[in-house]
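Remarks on the structure that follows.
Protein chains in written order, with our numbering: chain A, 525 to 810; chain B, 525 to 810; chain C, 525 to 810; chain D, 525 to 810.
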């Protein structure tokens, strides 16, 4: 058997579209005796960009693979990322009082169906402390009771990101607006769950709005956060039917379940490098 | 057997909520030796109104049933409707060029899964003539090329309603804004299909908007038409998942299917007296 | 205000179908000055039985309501149950090693969206002990390593039911066949989650079977347990799409989520008295 | 612009899995100055086979492309198909009395959302003649009232296939068992719609079976036909929720809609070369 010490890597590759890209990319892989196991690609007619994600088995160091692909990327004015397949992504969760999304993330991480590790749950209330403790995850709470406190909270977010090598920040019903500066700093790695499906009902208490409007479906949207509130690129959306007989309270309960499922699926897509950005749209290689 | 000549009726009953209503309503049915076969009720906490729909077998004339229930309704300051179960509702379809919704309505009517009869398909183009002909349904087209023409078109709608005893008017991708006056005249019996789910994308070419926004779900909403465009009470909503790889054109195709299914289901609910109005919301007794 | 001390009760009523039942039932409620808030009924053409569920507000003792309805039930050779609306149902959970269903039940009970209280989680392994501890729920494990041990385990189930006034027993991935005797003793109050949709794949490792067969949907079924394995009355079913690219392992993960959601919804229906038995079918008043 | 006369082709490529395949395939495309627009691939861990489908723009004749790829296929002991993208696939429809599936296929073909052309609808009854006539499609009926008649009918199927260059045969509620011989002759190009989801209820009147069992979901399965009845590779499956209140007749109506949608989607996948066979499973490049 040729593979003395087999490594499995995940690669993403994007560049302006044109002929020969796949051949060049796979050529680099072939030269390293790599074997492509799963591959998806997409050419965007809207932006003229090419997107590719693949998983590859190889017996060389990942560095060699990265260097080889970097050369190809340079030739096509593109970008490449390589990572160890299945590596646990260092993820900070920002929460508030509601446990359902935090609980879903931590329990999926625990059973191994969500490849993240959580160095810290940071919240503006104490309520989630026992939940974090159950899952053996560090927890910290800092009240946000004014603009200064909010700035201090966000400063703490930056510190943790830096000290703990955080790659992804998840707003798990954090309920606060993130400052435009922090949104920009975390562009493409700050995910939020919106309690209703965008661009449906925006702003406060969407379930009350949905109930008042008499909708027959409610849902949730997971999206990247940008300074333009609730308008960041959409990652995942789910809906579930409701009837006239559902109260606002019941719609919130139904909403909690669908929020937890939708956010978890979006974080999983991110952690597996399945989300690529095509302007304001996402390419999802599911 | 007690029922010499068995009749099956559908009854709807609404009034301000309070104790004893169901007992009084069913009391009237019992006195006529009726047998309730299917019954649904709902008390709206929002408006304080009570809603009931039931199907009843009886061997008396429907007139007697109606008179008896009318007495109960008077006592509770409510309203009652009675109808023959399964009767074909006289429905006018307004169309334009797109065949998918008209085709769905006529084919379901033909096979007996949609209890309507269609005295006329009225359109502002000729395109749907052969489709109507295939189903043996009268067809008439009148161009709408100005404000006068539109007023004349709507006058023709009123004439047909009057001459043909039309009960329900369905906008099957009619693509024109109905005048506020006609909306008011047809309040509660004018149904539209909106090509996207409300209150999502409003106005022109929602699939292009949905595509640009990168949504992961598209859908359709069937609703009553009111003078307030696209804000009438919602009857039915459906969605289907889409990926980044779907072009605007493909999203339109997917949309066509979901529009046809959603509109057909809403018309069926209406024809079976399963839609009651609770302010701006619908109560659906499905 | 007339209601000095308002009580809200849930009532179910079933009997052979015939005229006048609803009038008689509601008459008893009217005599007690009760106000019916939500009501559903169904007449089964298959078995000729009548089913009704309603919620009622009254200022009398529940005993008076029950006695009055019992009289009506006697007249119609039927059965009646009355209960306090929202009362927490005493539920024993039987588990094994897999945490997902137990976790879903306990967390929904904790946040108040599932009206059960759990006096004991009883399992044949220790794995779930910390989970129960987190939710402050008593836990007990007893290995089952032979026929005698199984009989002893089931004897312990009977003891707990008796000592703790258990009303409902839930098999949350318990992975053992319940003896026909215990099935009979717990008829109508023993719920199982089947990992695949019935009557699809029965027996061992259904996800492997589903994968081998190349299905495009997988799902879960919550059902009452009867001595006839996997053939008890179906309570709830859900499915989710899968593609050829899903491995057996991934299908199991997807399956875990859908099992947890489906079982939780079935237990909620039971705890709210929304499930009535119509022969081998269930009537669900959702 | 380099492309004097631009051609768009669809290519499928399968072979035993191994390193370098994609590089070789795309190399052949690059040599012809082709530009890959959409590409999907899959390596089956079950069978060890590699599957690829892509669409390519090129200005050479399709023959040159096919020849070049054929060389690559030979090297990898694989198989290749090339076709003009969007070409209408010559499809024969076999029907009986029920119109819903035939109607869905013909109307989607008419509006251009299903790339097939239908040289003949062949049925064992006259009922569908006007439907075919409306869509301008030749129709022929031959009664099947015995074994000899069935053999003659199938002989006619063979004749039409040969004379009309039929590529795909669709059983649109044909309601007859196809002989094992004809199944074998048409392996991989004979599609059926099964009224219920496999491997759920097999055999006669599945809706009656589903109703008797009290299922909460009904659905449909489109699959390739093999001599092993209802066990051919699954192409597409859909379900829809039903309640206890649905009669067998209503379940059949709901089923008709879902059958038509599911069959149409399967035929579209086939016509676009999106279905590849991986043993008894299908790989769907959607």
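We treat Cβ as the ideally placed atom computed from N, Cα and C, and that holds for glycine.
Looking at the DSSP output, residue 559 of chain B bridges to B/581. The closest CA to that of residue 577 of chain D, considering only D/569, D/606, D/589, D/556, is found on D/606. By DSSP's assignment, residue 714 of chain A forms a beta bridge with A/693.
Proximity of residue 781 of chain D to chain B, defined by a Cβ-Cβ separation below 8 Å, is satisfied. Shortest Cα-Cα distance from residue 712 of chain B to any of B/644, B/557, B/803 involves B/803. By a beta-carbon distance limit of 8 Å, residue 612 of chain D contacts residue 639 of chain D. Their separation comes to about 5 Å.
Under the 8 Å criterion on CB atoms, residue 574 of chain C is classed as non-interfacial with respect to chain A.
With distances taken between CA atoms, residue 752 of chain D lies nearest to D/701 out of D/653, D/717, D/701.
In the DSSP annotation of this structure, the continuous segment of the alpha helix (DSSP H) that includes residue 779 of chain B starts and ends at 772-795. Distance from residue 645 of chain C to residue 658 of chain C at the Cβ level is roughly 11 Å; contact not present, criterion being Cβ atoms closer than 8 Å. Secondary structure at residue 663 of chain B: strand, using DSSP grouped into helix, strand and coil. Cβ atoms of residue 770 of chain D and residue 743 of chain D stay farther apart than 8 Å, at about 14 Å. For residue 557 of chain C, the chain B residues whose C-beta falls within less than 8 Å of its own C-beta are 543, listed in chain order. With a beta-carbon spacing of about 11 Å, residue 616 of chain D and residue 715 of chain D fall beyond the 8 Å limit used to define contacts. The C-beta of residue 547 of chain B comes closer than 8 Å to at least one C-beta of chain C.
Any Cβ of chain C closer than 8 Å to the Cβ of residue 602 of chain B would place that residue at the interface, and such an atom is absent. In this structure, DSSP gives residue 749 of chain A a state outside helix and strand, which the three-state scheme calls coil.
Among the CB atoms of chain B, none fall inside 8 Å of the CB of residue 704 of chain D.
Under the three-state reduction of DSSP, residue 539 of chain C is assigned to strand. Residue contact with chain B for residue 774 of chain C: absent (no Cβ-Cβ distance below 8 Å to any residue of chain B).
What residue 771 of chain D touches in chain B, judged by beta-carbon distance under 9 Å, is nothing: the nearest beta carbon there is about 11 Å away. In the three-state DSSP reduction, residue 574 of chain B falls in the strand class (E or B). It is roughly 11 Å from the alpha-carbon of residue 625 of chain B to the alpha-carbon of residue 655 of chain B. In the three-state scheme derived from DSSP, where H, G and I count as helix and E and B as strand, residue 704 of chain A is classed as helix. Per DSSP, the continuous beta strand (DSSP E) segment holding residue 761 of chain D begins and ends at 758-765. Residue contact check for residue 741 of chain D against chain C: a CB pair falls below 8 Å. Around the beta carbon of residue 686 of chain B, a 10 Å sphere encloses fewer than 16 other beta carbons of the protein chains shown; the residue is thus reported as exposed. Per DSSP, residue 647 of chain B is one residue of the beta strand (DSSP E) stretching across 640-647. Sequence-distant partners of residue 572 of chain A (beyond 5 residues in either direction) whose C-beta falls short of 7 Å from its own C-beta, in its chain, are 540, 541. Under the Cβ distance rule, residue 538 of chain D does not count among the residues neighbouring chain A, no pair being separated by less than 8 Å. Spatial neighbours of residue 634 of chain A in its own chain (CB-CB distance under 8 Å, excluding positions within 5 residues in sequence) are listed in chain order as 659. Taking all protein chains in view, the Cβ of residue 781 of chain C is crowded by 16 or more other Cβ atoms within 10 Å, so the residue is classified as buried.
Residue state for residue 637 of chain B is assigned as coil, using DSSP reduced to three classes. Residue 797 of chain C sits buried, since 16 or more C-beta atoms from the chains shown fall within 10 Å of its C-beta.
Residues of chain A with a Cβ closer than 8 Å to the Cβ of residue 627 of chain C are, in chain order, 631.
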